[in-house]
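K.L.:
Sequences listed follow chains A and B, in order. Counting from 1, position 150 in the first sequence corresponds to residue 150 in our numbering; the numbering is continuous, with no gaps. Convert by adding 1000 to the 1-based position in the second sequence; the result is the number in our numbering.
2 protein chains.
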Amino acid sequence: MVKILVGNDFDEVLRTRPASGWWNQRVTWFAEDGDLVILPARPEESFLRYVTGMTGTRRSSLRVLVPPAEEGRPDTLSGSCLVDEEFLGQIRSALAGRPVTGIVPLWPSASIARLARALGVPEALAGREFAEQGGGALLNSKTAFRAIAAGVGVGLPCGRVCADRDGTVDAVLELVGAGHIAMLKKDYMSGGAGNEIVSPVPGVSPVGAKNVVVAADEAAVVRYVEDRWDWLTDGGRHQFVVERYHPGSVACFAEFLITDDGIEFGAHGEMLSEPVTTKQIIPPPAFSGQVLDDLTDQGRRLCEPLRAMGYRGRLSADAIVTPDGELLFTEYNGRITGSTHVYSVFGEKIVGGDFMKDRVLFEGFWPKGWSVPSFDEAVRRLTEAGLVYDRGSRTGVIISSAFDRRDDTLLHCVVAESLSEARTVEERLAGLFAAR
Amino acid sequence: MVKILVGNDFDEVLRTRPASGWWNQRVTWFAEDGDLVILPARPEESFLRYVTGMTGTRRSSLRVLVPPAEEGRPDTLSGSCLVDEEFLGQIRSALAGRPVTGIVPLWPSASIARLARALGVPEALAGREFAEQGGGALLNSKTAFRAIAAGVGVGLPCGRVCADRDGTVDAVLELVGAGHIAMLKKDYMSGGAGNEIVSPVPGVSPVGAKNVVVAADEAAVVRYVEDRWDWLTDGGRHQFVVERYHPGSVACFAEFLITDDGIEFGAHGEMLSEPVTTKQIIPPPAFSGQVLDDLTDQGRRLCEPLRAMGYRGRLSADAIVTPDGELLFTEYNGRITGSTHVYSVFGEKIVGGDFMKDRVLFEGFWPKGWSVPSFDEAVRRLTEAGLVYDRGSRTGVIISSAFDRRDDTLLHCVVAESLSEARTVEERLAGLFAAR
């Protein structure tokens, strides 16, 4: 009984995210005794020891494999690197004849389906047929999302899917001409990194988007579209979305697990951006029961056509609640997201109990200016400060990512009884990690 | 009570089909008393008189409108030409206050949804929300089809969705290396015009594809992919499909109407290609009841996720039956196809009765070498030869398209009691229209 976990990423034909290897090591949180973990880069032993210490998985029972780093092998683990004959041999010898009961990729790539087939266990990958024929693109496209979300009748910001310059100018002008702010969203980016705001007035602070461009009249909009065409379309390859941006909204998500048996609710959360997604709060602290119910019901409605298409796996439905209290969906993500391990491992397994009722999980990236020399040093400082997660009180800090050597940072999750307590812990963490 | 029929075509950002205006005049077959018909080009009066004479619609009750031909206005009627203020004024004055009960486009374009909204009758367009956000692309993409068809578990030829050169070379080599023939299919073309065959051996005659390229080894496949990359991807814009080509197969379709209430079966047909689609036979003459049942059942299964997404309209599920009797689906088309008027107007309304049991409809393009000076002359020759459709015997020839001035041809439909009788009529038609 072995699961194969794969820390893969978006197929690089959709999107490239250089050096995402450290980030995708989070798949290790899902490892149980005996599992095989395939990662794009060799993880630090400190990280593996830490994760397995937290989950109670025996480190010695896990096998970690990294495909050979031939020239040009992508960090995404897509393409043919997973079915390289030598690497398949390594997998087979690590399996040592044990049956594979599941293959769990972060991203439902066709390459994972080919891996499942090459190992002779196609049925171990839920939704294999859909993934094998490139279905992952439909689950992570903001333009496919707009069509399907409109079709199932969930709330949506006004806007359009755009594919040509004239239509884009029209769509932006329709918004800015009415005094609204427009957001342009690339098809396959995430966390707001592929979003840009066009405002008729200065002074808008970008939340959920990289930056703001002021364009109030047709000439300015035409110029903007011309300037940014290549970026918006990934060099002419993809459509994109133009929609109304609602300043002052609260961003949130409802995540589900789509299986052969049905659609299981996972968790709700709030997302904070400054300007792109940095933190999440599970459960969302600010919403009424009615809004949460709507978020769940409409999120579930979004899952239905995806389940009908043959997708099996996690789906996060992302939305905003506007200052007027309107619930508007902004995208979906059919993959294991940056929230999945937080609620399903930290919440359900480590914190346990009725964590969605009696605890707050406050998780995410470090603010600018925080850093630490190494993963071990982060653990040491947390321990000395008495801030490491404590199983008795069910509170404290869980380090949630591998160490990102590009800027010497981590992600962490504060588990607390309330958001204000979590914020107090954050202040103490600033004392440990903020540059002095 | 007015329907607005729109003879539009694929959005030109997906695909351009120059001079498709004559072809899209077929929407006129659906016109009933009082309807408004929007066409890309002014139709010949001969054609309108003929069509309304056949359907029993009063010609004088119809209004035909053509959007102003400003510079660059596409034949597809997409973009903003339908919501041009002056044109909207013409539509409103043609409606003269009558309520619009339906808007029926050939293609579920976002521009049609904008028209419906601009006229203040959004609910007149079934599936408006999905169409408005670009859903049409998902219904007519061969790559989205592959994912969804695999996901719902219908039969599919072996193959993959491709987006990069290396993966394409792999996919083609996997087939030709095993002695199979590969077909490469562009995302948004139709009738086989976007398909090309790569064979390891010479002598394959292309059916359902434009042409055949011989490539037996890796070097030849690499060269082929490099040479054709721009064509396959529409200049880097779209993914495409590589799948096994089964020579000697019979091509067929099952068409459905997806509504709020459910999925209605329309008709089956066989498609003949020489090499691209030229003729259709409704019902298909060569299939067993079991194959027809499978075609209907699996075709219906393909409709389910599209209905769940919010599409409302016709869907044709196209398949082949291999020499081994396997039923394999090859694409779907979510639009009013070149078959819809044949079964639903010629069959159900003109021929009537139990036409799927006691008649054969043999319809399509003229063979190379046939021509006629004008539409009226075609009618005259058919009449003199006693071949025009006769309501008493429920047999004869129906002209099914407007006149194509590019090569002085038409499409026609022979209605006969059997396929062999239809072929006899075809021989007599050769005498009337083949160049002497």
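Using N, Cα and C, we set each Cβ at its ideal position, and we do this for glycine too. None of these values were measured; they are calculated from a predicted model.
1) In the structure shown, what three-state DSSP assignment does B:Tyr-1332 receive?
2) Taking the DSSP output, what are the residues bridged to B:His-1195?
3) Tell me whether the beta-carbon of A:Phe-130 lies closer than 8 Å to the beta-carbon of A:Gly-310.
4) Would you kindly work out how many angstroms separate the C-alpha atoms of A:Leu-184 and A:Ala-251, rounded to a whole number?
5) Sort out for me which residues DSSP pairs A:Tyr-224 with in a bridge.
6) Is it the case that the segment 300 to 315 of chain A contacts the segment 245 to 264 of chain A, given that we only count it when at least three CB pairs across the two stretches are under 8 Å?
7) May I ask you to list the residues that DSSP assigns as paired with A:Tyr-245?
8) Of the choices B:Glu-1264, B:Ile-1281, B:Ala-1124, whose alpha-carbon is the least far from that of B:Asp-1297?
9) A:Pro-128 to B:Arg-1406, Cα distance in whole Å?
10) Using three-state DSSP, classify B:Phe-1287 as helix, strand or coil.
11) Against chain A, with Cβ distances strictly below 8 Å, would B:Leu-1106 count as a contact?
12) Identify every residue that forms a DSSP beta bridge with B:Arg-1160.
13) Against chain B, with Cβ distances strictly below 8 Å, would A:Gly-89 count as a contact?
14) In chain order, what residues of the same chain have a beta carbon less than 6 Å from the beta carbon of A:Arg-165, not counting five sequence neighbours either side?
15) How big is the Cα-Cα spacing for A:Ala-31 and A:Thr-424?
16) Decide if the segment 350 to 357 of chain A is in contact with the segment 368 to 384 of chain A; the criterion is three or more beta carbon pairs, one per stretch, under 8 Å apart.
17) So, is the C-beta of B:Gln-1239 closer than 8 Å to a C-beta in chain A?
18) Could you tell me which residues DSSP puts in a beta bridge with A:Ala-434?
19) Who are B:Gly-1313's beta bridge partners in DSSP?
20) Quick one: residues in its chain with C-beta nearer than 6 Å to the C-beta of B:Met-1356, no 5 flanking neighbours on either side, listed in chain order?
21) Which partner residues of A:Ser-420 appear in the DSSP bridge assignment?
22) Would A:Pro-305 pass as an interface residue toward chain B - the criterion being a Cβ-Cβ separation below 8 Å?
23) Among A:Leu-139, A:Thr-57, A:Asn-140, A:Glu-274, which one has its Cα closest to the Cα of A:Ser-205?
24) Is it right to say A:Gly-396 is buried, meaning 16 or more other beta carbons lie within 10 angstroms of its own, or is it exposed?
25) Please go through the same chain and pick out, in chain order, the residues whose beta-carbon is closer than 6 Å to the beta-carbon of A:Ala-41, but skip the five residues on each side of it.
26) Locate the beta strand (DSSP E) running through B:Gly-1266, then write down its first and last residues.
27) Between B:Val-1006 and B:Leu-1077, is the Cβ-Cβ spacing less than 8 Å?
28) Return no unless some Cβ of chain B is closer than 8 Å to the Cβ of A:Leu-65.
29) Counting Cβ pairs, one atom from each stretch, are 3 or more of them under 8 Å apart for the segment 327 to 336 of chain A and the segment 139 to 149 of chain A?
30) Under 8 Å by Cβ, that's how I've got A:Val-161 and B:Ala-1110 pegged, so tell me the actual separation to the nearest angstrom.
31) Suppose the cutoff is 8 Å on Cβ atoms and the five residues either side in sequence are ignored; what does the same chain contact list for A:Leu-48 look like?
32) Take every Cβ of the segment 211 to 222 of chain A, pair it with every Cβ of the segment 170 to 179 of chain A, and state whether three or more of those distances are shorter than 8 Å.
33) Just the C-alpha distance for A:Thr-383 and A:Leu-432, rounded to the nearest angstrom, thanks.
34) Jot down the residue ranges of each uninterrupted beta strand (DSSP E) in the segment 51 to 98 of chain A, minimum 3 residues, whole runs only, in chain order.
35) Do A:Met-271 and A:Phe-287 have their beta-carbon atoms positioned less than 8 Å apart in this structure?
36) Taking 8 Å as the threshold (beta carbon to beta carbon), is A:Ala-144 in contact with chain B?
P.N.:
Result, derived from the coordinates:
1) On the second sequence, residue 1332 of chain B is found 332 positions in, with the first residue counted as 1. Under the three-state reduction of DSSP, B:Tyr-1332 is assigned to strand.
2) For the purposes of this step, residue 1195 of chain B is taken as the residue at position 195 of the second sequence. The amino acid occupying residue 1195 of chain B in the given sequence is Asn; His does not appear at that position. The partner list for B:Asn-1195 (beta bridge, DSSP) reads B:Lys-1185.
3) Here residue 130 of chain A refers to the residue found at position 130 of the first sequence. Here residue 310 of chain A refers to the residue found at position 310 of the first sequence. Going by C-beta atoms, A:Phe-130 is nearer than 8 Å to A:Gly-310.
4) Within the first sequence, the letter at position 184 stands for residue 184 of chain A. Within the first sequence, the letter at position 251 stands for residue 251 of chain A. Between A:Leu-184 and A:Ala-251, the C-alpha separation is close to 17 Å.
5) As a position in the first sequence, residue 224 of chain A is number 224, starting the count at 1. Answer by DSSP bridge pairing: none, since A:Tyr-224 is not bridged.
6) Touching, yes.
7) Position 245 of the first sequence, counted from the start, is the residue given in the question as residue 245 of chain A. A:Tyr-245 pairs with A:Ile-181.
8) Against the second sequence, residue 1297 of chain B aligns to sequence position 297. Considering only alpha carbons, the answer is B:Glu-1264.
9) Within the first sequence, numbered from 1, the residue matching residue 128 of chain A stands at position 128. Within the second sequence, numbered from 1, the residue matching residue 1406 of chain B stands at position 406. Checking the displayed sequence, the identity of residue 128 of chain A turns out to be Arg instead of Pro. Near 47 Å, if we compare the C-alpha coordinates of B:Arg-1406 and A:Arg-128.
10) For the purposes of this step, residue 1287 of chain B is identified with residue 287 of the second sequence, where counting begins at 1. The answer is coil: DSSP assigns B:Phe-1287 none of H, G, I, E or B.
11) Along the second sequence, one-based indexing puts residue 1106 of chain B at 106. No, B:Leu-1106 lies away from the interface with chain A (no Cβ there is under 8 Å from its Cβ).
12) Position 160 of the second sequence, counting from 1, holds the residue named residue 1160 of chain B. The partner list for B:Arg-1160 (beta bridge, DSSP) reads B:Val-1242.
13) Taking the first sequence and counting its residues from 1, one reaches residue 89 of chain A at position 89. No, its Cβ sits nowhere closer than 8 Å to a Cβ of chain B.
14) Translated into the one-based positions of the first sequence, residue 165 of chain A becomes position 165. So the qualifying residues of the chain are Val-225.
15) Translated into positions along the first sequence, residue 31 of chain A becomes position 31. Translated into positions along the first sequence, residue 424 of chain A becomes position 424. Pairing A:Ala-31 with A:Thr-424, the inter-Cα distance amounts to about 32 Å.
16) Under the 8 Å Cβ criterion, the segment 350 to 357 of chain A does not count as touching the segment 368 to 384 of chain A, having fewer than three qualifying pairs.
17) On the second sequence, residue 1239 of chain B is found 239 positions in, with the first residue counted as 1. Judged by the 8 Å Cβ criterion, B:Gln-1239 is in contact with chain A.
18) Taking the first residue of the first sequence as position 1, residue 434 of chain A is located at position 434. DSSP, once it has assigned bridges, lists A:Trp-370 as partnering A:Ala-434.
19) Numbered from 1 along the second sequence, position 313 holds the residue referred to as residue 1313 of chain B. When DSSP reads this structure, B:Gly-1313 sits in a beta bridge with B:Ile-1258.
20) As a first step, residue 1356 of chain B is located in the second sequence; it is residue number 356 there, counting from the start. The answer, listed in chain order, is Pro-1283.
21) One-based indexing of the first sequence puts residue 420 of chain A at position 420. Under the DSSP definition of a beta bridge, A:Ser-420 lacks any partner.
22) Locating residue 305 of chain A in the first sequence gives position 305, where the first residue counts as 1. Judged by the 8 Å Cβ criterion, A:Pro-305 is in contact with chain B.
23) Mapped onto the first sequence, residue 205 of chain A falls at position 205. By alpha-carbon distance to A:Ser-205, the top candidate from A:Leu-139, A:Thr-57, A:Asn-140, A:Glu-274 is A:Glu-274.
24) By one-based count along the first sequence, residue 396 of chain A stands at place 396. Looking at its Cβ environment, which holds 16 or more other Cβ atoms inside 10 Å, A:Gly-396 is buried.
25) One-based indexing of the first sequence puts residue 41 of chain A at position 41. The answer, listed in chain order, is Gly-21.
26) As a first step, residue 1266 of chain B is located in the second sequence; it is residue number 266 there, counting from the start. Here the beta strand (DSSP E) through B:Gly-1266 covers 1263 to 1273.
27) Taking the first residue of the second sequence as 1, we reach residue 1006 of chain B at position 6. Taking the first residue of the second sequence as 1, we reach residue 1077 of chain B at position 77. A contact, by the Cβ cut-off of 8 Å.
28) Stepping through the first sequence from its first residue, residue 65 of chain A is reached at position 65. Cβ-Cβ to chain B under 8 Å: no for A:Leu-65.
29) Contact holds between the segment 327 to 336 of chain A and the segment 139 to 149 of chain A, because three or more Cβ pairs, one in each stretch, are under 8 Å apart.
30) In the first sequence, counting from the first residue as 1, residue 161 of chain A sits at position 161. In the second sequence, counting from the first residue as 1, residue 1110 of chain B sits at position 110. Between A:Val-161 and B:Ala-1110 a beta carbon distance of about 7 Å is seen, short of the 8 Å cut, so the two are scored as contacting.
31) Taking the first sequence and counting its residues from 1, one reaches residue 48 of chain A at position 48. Answer for A:Leu-48: Thr-28, Arg-59, Leu-62, Val-64, listed in chain order.
32) The segment 211 to 222 of chain A, when compared against the segment 170 to 179 of chain A, does touch it at the 8 Å Cβ threshold.
33) Here residue 383 of chain A refers to the residue found at position 383 of the first sequence. Here residue 432 of chain A refers to the residue found at position 432 of the first sequence. Cα-Cα distance, rounded: 11 Å.
34) DSSP runs (the beta strand (DSSP E)) wholly in the segment 51 to 98 of chain A: 63 to 65.
35) In the first sequence, counting from the first residue as 1, residue 287 of chain A sits at position 287. In the first sequence, counting from the first residue as 1, residue 271 of chain A sits at position 271. For the 8 Å CB-CB criterion, A:Phe-287 and A:Met-271 do not form a contact.
36) For the purposes of this step, residue 144 of chain A is identified with residue 144 of the first sequence, where counting begins at 1. Output row for A:Ala-144: interface = yes.
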